[in-house]
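Colleague: Keeping their order, the protein sequence lines are chains A and B.
The numbering used here numbers the first residue of the first sequence as 4 and each following residue consecutively.
The numbering used here numbers the first residue of the second sequence as 99 and each following residue consecutively.
Take a look at the following structure, please.
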Amino acid sequence: MKKNQTKFLAGGIVIVGAVAYLMYMGIKETSVYYLTVSESQKMAGGKDFRMEGTVAPGSIKVAPDSLGAEFSITDQAKSVPVSYRGTMPDMFKDDIKVVVQGKLDQNGIFHAHTLLTSCPSKYEASEQGHPK
Amino acid sequence: MIEIGELSLALSLAVSVYAAVASFWGGRANNDVLVRSGQNAYFALLGLLTAASAALLYAFVSRDFTVEYVYNYSNRDLAMFYTVSAFWAGQKGSLLLWAWMLSLFGTIAILQNRKKNRHIMPYVTGILAVSLIHFSSLMIFASPVFEKMTLIPPDGHGLNPMLQNPGMIFHPPTLYIGFVGFAIPFAFAMAALMRRQEGDIWIRSTRRWTIFSWFFLLMGNLLGANWAYVELGWGGYWAWDPVENASFMPWLVGTAYLHSVMIQEKKNMLKFWNVSLVATTFCLTMFGTFITRSGLISSVHSFGASTVGTQFGFFLILVVVFSVAMIALRRDMLQSENQLDSILSRESSFLFNNLILLGAAFAVMWGTTFPMISEAVRGVKITVGPPFFNIVMVPIGLFLLVLTGLCPLIAWRKASLDNLKRNFLIPFLAAVLGGAAMLALGMREFMAWLFFVAAVFVMATIVMEFIRGVRGRTAGGKENVLGGAYNLVARNKRRYGGYIIHAGMVAMFVGFTGNVWNQSVEASVKPGQQLKIGNYTVTYMGTEYSKPKPSVEEYVATLLLEQGGKKLGYLRPEKNFYHNLDQLSEEPPMPNSEVAIRSTLKEDVYVIFAALNDDNSATIKVLVNPLVIWLWIGGFIMGVGTIIAMWPDRREQKLLEAALAQTTTA
Numbered sequence: 004m005k006k007n008q009t010k011f012l013a014g015g016i017v018i019v020g021a022v023a024y025l026m027y028m029g030i031k032e033t034s035v036y037y038l039t040v041s042e043s044q045k046m047a048g049g050k051d052f053r054m055e056g057t058v059a060p061g062s063i064k065v066a067p068d069s070l071g072a073e074f075s076i077t078d079q080a081k082s083v084p085v086s087y088r089g090t091m092p093d094m095f096k097d098d099i100k101v102v103v104q105g106k107l108d109q110n111g112i113f114h115a116h117t118l119l120t121s122c123p124s125k126y127e128a129s130e131q132g133h134p135k
Numbered sequence: 099m100i101e102i103g104e105l106s107l108a109l110s111l112a113v114s115v116y117a118a119v120a121s122f123w124g125g126r127a128n129n130d131v132l133v134r135s136g137q138n139a140y141f142a143l144l145g146l147l148t149a150a151s152a153a154l155l156y157a158f159v160s161r162d163f164t165v166e167y168v169y170n171y172s173n174r175d176l177a178m179f180y181t182v183s184a185f186w187a188g189q190k191g192s193l194l195l196w197a198w199m200l201s202l203f204g205t206i207a208i209l210q211n212r213k214k215n216r217h218i219m220p221y222v223t224g225i226l227a228v229s230l231i232h233f234s235s236l237m238i239f240a241s242p243v244f245e246k247m248t249l250i251p252p253d254g255h256g257l258n259p260m261l262q263n264p265g266m267i268f269h270p271p272t273l274y275i276g277f278v279g280f281a282i283p284f285a286f287a288m289a290a291l292m293r294r295q296e297g298d299i300w301i302r303s304t305r306r307w308t309i310f311s312w313f314f315l316l317m318g319n320l321l322g323a324n325w326a327y328v329e330l331g332w333g334g335y336w337a338w339d340p341v342e343n344a345s346f347m348p349w350l351v352g353t354a355y356l357h358s359v360m361i362q363e364k365k366n367m368l369k370f371w372n373v374s375l376v377a378t379t380f381c382l383t384m385f386g387t388f389i390t391r392s393g394l395i396s397s398v399h400s401f402g403a404s405t406v407g408t409q410f411g412f413f414l415i416l417v418v419v420f421s422v423a424m425i426a427l428r429r430d431m432l433q434s435e436n437q438l439d440s441i442l443s444r445e446s447s448f449l450f451n452n453l454i455l456l457g458a459a460f461a462v463m464w465g466t467t468f469p470m471i472s473e474a475v476r477g478v479k480i481t482v483g484p485p486f487f488n489i490v491m492v493p494i495g496l497f498l499l500v501l502t503g504l505c506p507l508i509a510w511r512k513a514s515l516d517n518l519k520r521n522f523l524i525p526f527l528a529a530v531l532g533g534a535a536m537l538a539l540g541m542r543e544f545m546a547w548l549f550f551v552a553a554v555f556v557m558a559t560i561v562m563e564f565i566r567g568v569r570g571r572t573a574g575g576k577e578n579v580l581g582g583a584y585n586l587v588a589r590n591k592r593r594y595g596g597y598i599i600h601a602g603m604v605a606m607f608v609g610f611t612g613n614v615w616n617q618s619v620e621a622s623v624k625p626g627q628q629l630k631i632g633n634y635t636v637t638y639m640g641t642e643y644s645k646p647k648p649s650v651e652e653y654v655a656t657l658l659l660e661q662g663g664k665k666l667g668y669l670r671p672e673k674n675f676y677h678n679l680d681q682l683s684e685e686p687p688m689p690n691s692e693v694a695i696r697s698t699l700k701e702d703v704y705v706i707f708a709a710l711n712d713d714n715s716a717t718i719k720v721l722v723n724p725l726v727i728w729l730w731i732g733g734f735i736m737g738v739g740t741i742i743a744m745w746p747d748r749r750e751q752k753l754l755e756a757a758l759a760q761t762t763t764a
């Protein structure tokens with residue numbers, strides 16, 4: 004490489020370094036554990052995390068003002084009661100897969116501030132629950 | 099009809115194999131008969147896939163529920179409009195649409211180039227035919243389009259109500275046009291390498307394909323954002339979901355490619371870089387499809403662990419290995435003939451723009467695949483959400499926006515102080531003044547302020563370029579201002595089309611910045627009660643019930659919107675329930691919210707009817723989203739710019755012909 008090319012290399016390194024730094028900071032500050040219901044127990048009393056599971060049939064109790072609900076999510080092996088406050092997604096119902104984000108308290112209740120349902124994407128596998 | 103479809107697909111697999119073999123063989127052996135036969139086979143693929151598509155379309159229109167796909171995505175109740183769009187509502191049909199587009203685009207590219215680009219066309223045809231082998235076999239084995247039901251149901255399962263929205267009719271095909279279109283420049287690039295064709299002919303020959311695909315990829319994303327905004331009812335348009343990221347990454351790299359080819363055309367530099375970028379863009383279109391459909395990454399879009407993932411994975415590996423091998427084997431062809439001179443030059447500013455776009459794509463990929471990586475490395479799944487992307491992408495976006503102003507105007511080779519002063523002094527002053535004015539008007543959000551200052555700077559550079567250009571043309575007194583402006587753009591379509599695209603980008607950035615001031619409030623209210631947000635007052639009037647179709651129940655809430663005591667009008671968000679009329683199904687009715695939006699240039703008032711409660715109250719969420727409309731306006735401006743940049747140009751044609759004449763004599 005010729006001498007006068009080094010400054011471009013330096014410029015490139017600065018840019019790459021800046022992006023790498025942003026990514027490092029982003030991961031450090033925003034990453035959360037993504038656990039199954041069974042794995043969630045060790046997080047009791049700890050930090051925010053995401054938990055994935057299926058809504059236990061018949062467990063949904065919607066708040067009178069429809070701005071929240073109490074329900075259980077399960078992964079066959081274990082089940083955790085969830086208390087959620089916020090707008091309910093349209094797709095939220097029994098027996099669907101949901102992702103909740105929040106904290107698990109010492110009594111084993113998960114306080115969720117985010118409730119995500121699987122969006123009915125156009126690519127939904129046709130096998131799911133439809134009789135053939 | 100179904101048998102015709104199945105037969106067409108089976109034939110298309112056989113014919114695509116033949117087209118690939120004949121083309122590569124014919125090209126290698128310089129056998130014109132074989133080459134022509136390969137091309138004709140490719141044209142036949144268009145016929146076969148058109149027949150297969152017609153068969154599927156006919157099955158939908160004739161409500162043939164013996165076809166599993168038709169059963170799962172439509173019912174007798176569904177309007178014809180949406181019945182047609184149900185074609186690409188699921189995986190099977192969207193693969194067929196993809197394959198059909200690939201056969202169509204390939205046919206057009208072959209017809210355009212088979213005479214003038216004789217040298218590389220057999221390889222282009224061969225590469226495209228290989229892609230069609232992949233798609234045809236997917237549709238026959240992994241994801242059979244015409245699969246039959248074991249029972250014959252009286253009615254279909256119906257189309258998901260969320261997909262019954264005009265946005266869903268245009269969004270997927272638009273996105274696929276973008277995905278598929280990038281196969282053309284990729285095929286030309288690889289064919290040029292295989293054939294040892296020197297120079298930038300492959301770039302010039304596919305310039306229109308590139309910008310066309312790039313634009314459709316952008317529009318596909320934007321239509322998806324618009325659909326999410328008006329239909330999903332969470333108040334936003336982009337959530338950094340893996341599915342969105344999957345189509346955003348190739349766009350970022352495609353944008354880098356679109357810019358860096360200019361350096362090769364002008365300065366014979368960055369050859370290696372350009373081939374790598376076009377290959378990366380194409381690989382990312384495959385990668386996006388692979389991660390979203392293989393079930394490897396969980397997304398709020400439930401793709402399900404679908405059957406096509408594995409084959410897509412193998413095809414992706416094949417494409418990556420092939421591209422890397424070709425570039426490595428032909429690296430002697432990819433030496434730069436010139437060097438960078440100064441860090442203050444157009445070349446280097448383009449290079450930095452490229453690095454940042456690639457960095458952005460890499461960051462998006464990292465954030466998207468992070469759960470997978472962390473699980474593989476540390477055995478625990480860690481996820482990053484929208485906050486990660488905001489931390490990373492907001493500064494990158496700001497830097498890119500500034501470069502949008504700098505890159506087109508900085509001088510080639512080495513910018514002098516004079517050049518800098520001439521092009522940037524006024525925009526710089528405009529930005530300073532604008533920034534001061536915004537501070538004086540009370541803007542306190544630092545990031546938003548920076549974005550607006552940058553936006554003023556970029557717009558000033560663009561406006562100045564137009565003024566200077568028009569002045570130059572009217573100076574002689576032969577042209578008036580309008581005629582001068584017309585001639586200016588008509589004679590430099592690519593350049594001024596590009597400026598208009600940049601102006602659209604600025605408008606979009608203004609739209610993104612509006613997010614800083616988003617507000618929301620939610621509550622349950624009885625008729626007559628009010629909600630307050632900003633200086634708006636929303637009064638709940640009541641809810642009406644109706645049943646327009648046997649399968650649909652509608653609840654429409656009426657809300658009076660007032661601003662500072664002035665009546666602005668009524669908003670009518672809906673909560674609808676879709677019953678499944680299919681006798682075989684016992685699913686409960688599916689709720690679906692239709693939001694109501696009042697859009698102005700300043701801000702959107704966005705109302706969601708969340709629920710009607712037992713005590714006669716309604717749960718309402720109101721959001722105020724400033725500047726969202728500028729996103730859609732920006733998209734429109736970019737469309738205008740793209741059309742101008744793509745318009746046929748005689749001078750460009752001549753340059754290409756000259757380059758072609760040179761290679762044939764060499």
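The beta carbon of each residue, even a glycine, is placed where N, CA and C say it ideally should be.
Listing by chain order, which chain B residues have their CB less than 9 Å from the CB of A/V83?
Modeller: What you label residue 83 of chain A is simply residue 80 of the first sequence in a count that begins at 1. In chain order: nothing, as chain B lies at least about 17 Å away.
Colleague: Let me know the alpha helix (DSSP H) ranges lying completely inside the stretch 135 to 215 of chain B, each 4 residues or longer, listed in chain order.
Modeller: Correct list: 166 to 171, 178 to 183, 189 to 211.
Colleague: How is the beta strand (DSSP E) around B/D702 delimited, first residue to last?
Modeller: Indexing the second sequence from 1 puts residue 702 of chain B at position 604. First-last of the beta strand (DSSP E) with B/D702: 701 to 710.
Colleague: Start and end of the beta strand (DSSP E) containing B/F280?
Modeller: The count along the second sequence starts at 1 and reaches residue 280 of chain B at position 182. Neither: B/F280 is in no beta strand (DSSP E) and is coded neither H nor E.
Colleague: Distance cutoff 8 Å, beta carbons only. Does A/M54 sit that close to anything in chain B?
Modeller: Within the first sequence, numbered from 1, the residue matching residue 54 of chain A stands at position 51. For A/M54, the answer is no, since every Cβ of chain B falls outside 8 Å of its Cβ.
Colleague: Run through DSSP, which three-state label would A/H116 get?
Modeller: Residue mapping note: residue 116 of chain A aligns to position 113 of the first sequence, counting from 1. Reduced to three states, the DSSP call for A/H116 is strand.
Colleague: Measure from the alpha carbon of B/N366 to the alpha carbon of each residue in B/N436, B/S644, B/A621, B/I275, then state which is nearest.
Modeller: Counting from 1 along the second sequence, the entry for residue 366 of chain B is found at position 268. Of the listed residues, the one whose Cα sits closest to B/N366 is B/N436.
Colleague: Beta-carbon of B/G386 versus every beta-carbon of chain A: anything under 8 Å?
Modeller: Here residue 386 of chain B refers to the residue found at position 288 when the second sequence is read from its first residue. Output row for B/G386: interface = no.
Colleague: Take every Cβ of the stretch 564 to 578 of chain B, pair it with every Cβ of the stretch 546 to 556 of chain B, and state whether three or more of those distances are shorter than 8 Å.
Modeller: Contact between the stretch 564 to 578 of chain B and the stretch 546 to 556 of chain B is absent, because fewer than three Cβ pairs lie under 8 Å.
Colleague: Give the interface partners of B/E620 over in chain A, defined as CB-CB distance under 7 Å, in chain order.
Modeller: Translated into the one-based positions of the second sequence, residue 620 of chain B becomes position 522. Under the 7 Å cutoff, chain A gives L70, T90.
Colleague: In this structure, does DSSP put B/E692 in helix, strand or coil?
Modeller: Reading the second sequence from its first residue, position 594 is the one you call residue 692 of chain B. Three-state result, B/E692: strand.
Colleague: Using three-state DSSP, classify B/Y274 as helix, strand or coil.
Modeller: Here residue 274 of chain B corresponds to residue number 176 of the second sequence, with the count starting at 1. It is helical.
Colleague: Under 7 Å from any heavy atom of the ligand SAH, does the C-beta of B/A287 make it?
Modeller: Summarising the ligand content, the structure contains no ligands, and the ligand SAH is consequently not present.
Colleague: Would you mind sorting B/E543 into buried or exposed? The rule is 16 or more other CB atoms within 10 Å of its CB.
Modeller: Residue 543 of chain B sits at position 445 when you count from the first residue of the second sequence. B/E543 should be labelled exposed.
Colleague: Ends of the alpha helix (DSSP H) at B/S472?
Modeller: For the purposes of this step, residue 472 of chain B is identified with residue 374 of the second sequence, where counting begins at 1. B/S472 -> alpha helix (DSSP H) spans 444 to 476.
Colleague: Roughly how far, in whole angstroms, is the beta-carbon of B/A743 from the beta-carbon of B/G609, given that I think they are within contact range, below 8 Å?
Modeller: Translated into positions along the second sequence, residue 743 of chain B becomes position 645. Translated into positions along the second sequence, residue 609 of chain B becomes position 511. 22 Å between Cβ atoms; not a contact.
Colleague: Whole angstroms are fine: how far does the CA of B/H255 sit from the CA of A/S62?
Modeller: Taking the first residue of the first sequence as 1, we reach residue 62 of chain A at position 59. Taking the first residue of the second sequence as 1, we reach residue 255 of chain B at position 157. If I take the Cα positions, the gap works out to 27 Å.
Colleague: Quick one: does A/I30 have its CB under 8 Å from some CB of chain B?
Modeller: For the purposes of this step, residue 30 of chain A is identified with residue 27 of the first sequence, where counting begins at 1. Chain B contact via Cβ: present.
Colleague: Going by DSSP, what residue range makes up the beta strand (DSSP E) through A/F2?
Modeller: Absent from the model: residue 2 of chain A. The displayed extent of chain A is 4 to 135, so no value can be given.
Colleague: Output, in chain order, the set of chain B residues within a Cβ distance shorter than 7 Å of A/T2.
Modeller: Residue 2 of chain A lies beyond the range of chain A shown here (4 to 135); nothing can be said about it.
Colleague: Less than 6 Å between C-beta atoms, sequence neighbours within five positions excluded: which residues of the same chain meet that for B/V373?
Modeller: To locate residue 373 of chain B, count along the second sequence from 1; it is residue 275. A287, I425, listed in sequence order.
Colleague: If you draw a straight line from the alpha carbon of B/L105 to that of B/A127, how long is it in whole angstroms?
Modeller: Against the second sequence, residue 105 of chain B aligns to sequence position 7. Against the second sequence, residue 127 of chain B aligns to sequence position 29. Near 32 Å, if we compare the C-alpha coordinates of B/A127 and B/L105.
Colleague: Where B/A655 and A/T117 are concerned, what is the direct C-alpha to C-alpha distance, given to the nearest angstrom?
Modeller: Position 557 of the second sequence holds residue 655 of chain B. Position 114 of the first sequence holds residue 117 of chain A. Answer to the nearest angstrom: the Cα atoms are 26 Å apart.
Colleague: By how many angstroms is the C-alpha of B/L132 removed from the C-alpha of B/F401?
Modeller: Stepping through the second sequence from its first residue, residue 401 of chain B is reached at position 303. Stepping through the second sequence from its first residue, residue 132 of chain B is reached at position 34. Note that B/F401 scores a pLDDT of 47, beneath 50, so its modelled location is shaky; the value from the coordinates is reported in the next line. In a straight line, the C-alpha of B/F401 is about 42 Å away from that of B/L132.
Colleague: Taking 8 Å as the CB-CB cut-off, is B/F610 touching chain A?
Modeller: For the purposes of this step, residue 610 of chain B is identified with residue 512 of the second sequence, where counting begins at 1. By this cut-off, B/F610 is not an interface position.
Colleague: Identify the continuous alpha helix (DSSP H) that holds B/T487 and give its terminal residues.
Modeller: Taking the second sequence and counting its residues from 1, the one referred to as residue 487 of chain B is at position 389. The sequence as given places Phe at residue 487 of chain B; Thr does not occur at that position. Run containing B/F487: 484 to 504, per the alpha helix (DSSP H) assignment.
Colleague: Between the Cα of B/T698 and those of B/E672, B/R670, B/I731, B/F675, spot the shortest distance and give me the residue it belongs to.
Modeller: Within the second sequence, residue 698 of chain B is the residue found at index 600, counting from 1. Checking every option, the nearest Cα to that of B/T698 belongs to B/I731.
Colleague: On the three-state DSSP scale, how would you describe B/M237?
Modeller: If you number the second sequence from 1, residue 237 of chain B lands on position 139. In the structure shown, B/M237 sits in a helix (DSSP, three-state: H, G or I).
Colleague: Counting only C-beta atoms, is B/P264 closer than 8 Å to chain A at any point?
Modeller: Residue 264 of chain B sits at position 166 when you count from the first residue of the second sequence. So no, B/P264 is outside the interface.
Colleague: Using only alpha-carbon positions, find the residue among A/E32, A/D108, A/S69, A/V22 that is nearest to B/F497.
Modeller: By one-based count along the second sequence, residue 497 of chain B stands at place 399. For the residues A/E32, A/D108, A/S69, A/V22, the minimum Cα distance to B/F497 belongs to A/V22.
Colleague: Which residues in the same chain as B/N521 place their Cβ atom closer than 6 Å to its Cβ, once the five residues preceding and following it in sequence are excluded?
Modeller: Against the second sequence, residue 521 of chain B aligns to sequence position 423. Excluding residues within five positions, the ones whose Cβ falls inside 6 Å are L507.
Colleague: So which residues of chain A does B/D516 contact, with C-beta pairs closer than 8 Å?
Modeller: Position 418 of the second sequence, counted from the first residue, corresponds to residue 516 of chain B. Here the premise fails: no neighbours, minimum Cβ distance about 22 Å.
Colleague: The stretch 240 to 262 of chain B: which residues have C-beta closer than 8 Å to a C-beta of chain A, in chain order?
Modeller: Within the stretch 240 to 262 of chain B, the qualifying residues are M247, T248, L249, H255, N258, M260, L261.
Colleague: Identify, in the order they occur along the chain, each residue of the same chain with its Cβ nearer than 6 Å to the Cβ of B/M606, setting aside the five sequence neighbours on each side.
Modeller: For the purposes of this step, residue 606 of chain B is identified with residue 508 of the second sequence, where counting begins at 1. Cβ neighbours of B/M606 beyond the five flanking positions: L729, G732.
Colleague: Below 8 Å on the Cβ atoms is my guess for B/L666 versus B/L659; work out the distance and round it to an integer in Å.
Modeller: Here residue 666 of chain B refers to the residue found at position 568 of the second sequence. Here residue 659 of chain B refers to the residue found at position 561 of the second sequence. Right, their Cβ atoms sit about 5 Å apart.
Colleague: If you measure from the beta carbon of A/G15 to each beta carbon in chain B, is any gap under 8 Å?
Modeller: For the purposes of this step, residue 15 of chain A is identified with residue 12 of the first sequence, where counting begins at 1. So yes, A/G15 belongs to the interface.
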